[in-house]
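First the structure, in the form of structure tokens, and then the observations on it.
In structure tokens:
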């Protein structure tokens with residue numbers, strides 16, 4: 001039991017073993033293998049299944065909005081370190097209303113954040129605020145009609161509120177349907 005209380009329990013690849021900790025390169029490599037190795041090295045079976053799904057999606061036209069093909073750039077963003085954060089709540093209202101050049105003034109925005117915090121329940125999401133506010137702004141720009149000469153109704157991006165936090169696939173589907181259906 002002393003090995004457990006002294007923190008000397010190590011879980012190796014495919015085995016549970018108790019051994020005495022000794023500082024050195026092997027221990028450093030061991031402690032980082034789950035954090036730094038690729039999925040294909042840690043779990044080749046899951047990696048293979050992912051490649052099957054990538055192939056399926058590439059060869060089929062999927063017309064369900066919540067299951068459509070995700071662009072590579074979006075997959076990179078979703079697979080970034082932001083996936084480690086729980087960002088319940090919303091970015092500061094100021095960030096969602098600022099012009100893009102002000103929003104991207106990191107020094108000013110972070111100074112404001114340090115002084116006034118934000119509307120999120122968990123702290124430590126100051127950079128998530130930038131990403132979410134920027135996503136809201138860019139989505140609004142996609143749906144703005146003020147620069148389209150053929151649009152019957154002119155709506156600027158500033159007049160569009162965007163929530164980029166759908167609760168589920170059903171809510172995401174309804175958001176898309178309601179955006180394109182006339183009342």
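Residue numbers (the UniProt record's numbering): 1 to 183. Here a beta-carbon is modelled for each residue, glycine too, at the ideal position from N, C-alpha and C. What you are looking at is a predicted structure, and each value in this text was computed from that prediction instead of being measured.
Practice prompt. Could you check the C-alpha separation between residue 144 and residue 100 for me, to the nearest Å?
Written response: The residue labelled residue 144 in the question sits at position 144 within the chain shown. The residue labelled residue 100 in the question sits at position 100 within the chain shown. Residue 144 and residue 100: Cα-Cα distance of roughly 16 Å.
Worksheet item: CA-CA distance, residue 146 and residue 68?
Response: For the purposes of this step, residue 146 is taken as residue 146 along the chain shown, with counting starting at 1. For the purposes of this step, residue 68 is taken as residue 68 along the chain shown, with counting starting at 1. Residue 68 has its alpha-carbon roughly 27 Å from the corresponding atom of residue 146.
Item to complete: Can you give me the Cβ contacts of residue 148 inside the same chain, cut-off strictly under 7 Å, excluding the 5 residues immediately before and after it?
Response: As a working note, residue 148 is residue 148 in the chain shown. Here the set comprises nothing.
Discussion item. Buried or exposed, going by whether 16 or more other CB atoms sit within 10 Å of the CB of residue 32?
Written reply: Here residue 32 refers to the residue found at position 32 of the chain shown. Exposed: under 16 other Cβ atoms inside 10 Å.
Practice prompt. Indicate, with yes or no, if the ligand ATP has a heavy atom lying under 7 Å from the CB of residue 81.
Written response: The model on display carries no ligand, and the ligand ATP is accordingly not part of it.
Worksheet item: So, helix, strand or coil for residue 21, using DSSP?
Response: Residue numbering aside, residue 21 sits at position 21 when the chain shown is read from its first letter. Any reading at residue 21 must be qualified, since the residue scores a pLDDT of 47, below 50, and its modelled position is unreliable; the value itself is stated next. DSSP, reduced to helix, strand and coil, places residue 21 outside both helices and strands of the structure shown, so it counts as coil.
Item to complete: Note down, one range per segment and in chain order, each alpha helix (DSSP H) of at least 4 residues found wholly within the UniProt domain "Serine hydroxymethyltransferase-like" (39-98).
Response: The UniProt domain "Serine hydroxymethyltransferase-like" (39-98) is shown to contain whole alpha helix (DSSP H) runs of 4 or more residues at 39-42, 44-59, 72-78 and 93-97, in chain order.
Worksheet entry | DSSP state of residue 104 mapped onto helix, strand, coil | Here the question's residue 104 lines up with position 104 in the chain shown. Three-state result, residue 104: coil.
Item to complete: Determine the extent of the alpha helix (DSSP H) in which residue 157 is found, giving its start and end residues.
Response: Along the chain shown, one-based indexing puts residue 157 at 157. Unbroken run through residue 157: none, as it is neither H nor E.
Discussion item. Are the CB atoms of residue 135 and residue 157 within a distance shorter than 8 Å?
Written reply: Taking the chain shown and counting its residues from 1, one reaches residue 157 at position 157. Taking the chain shown and counting its residues from 1, one reaches residue 135 at position 135. Between residue 157 and residue 135, the gap from beta carbon to beta carbon reaches 8 Å or more.
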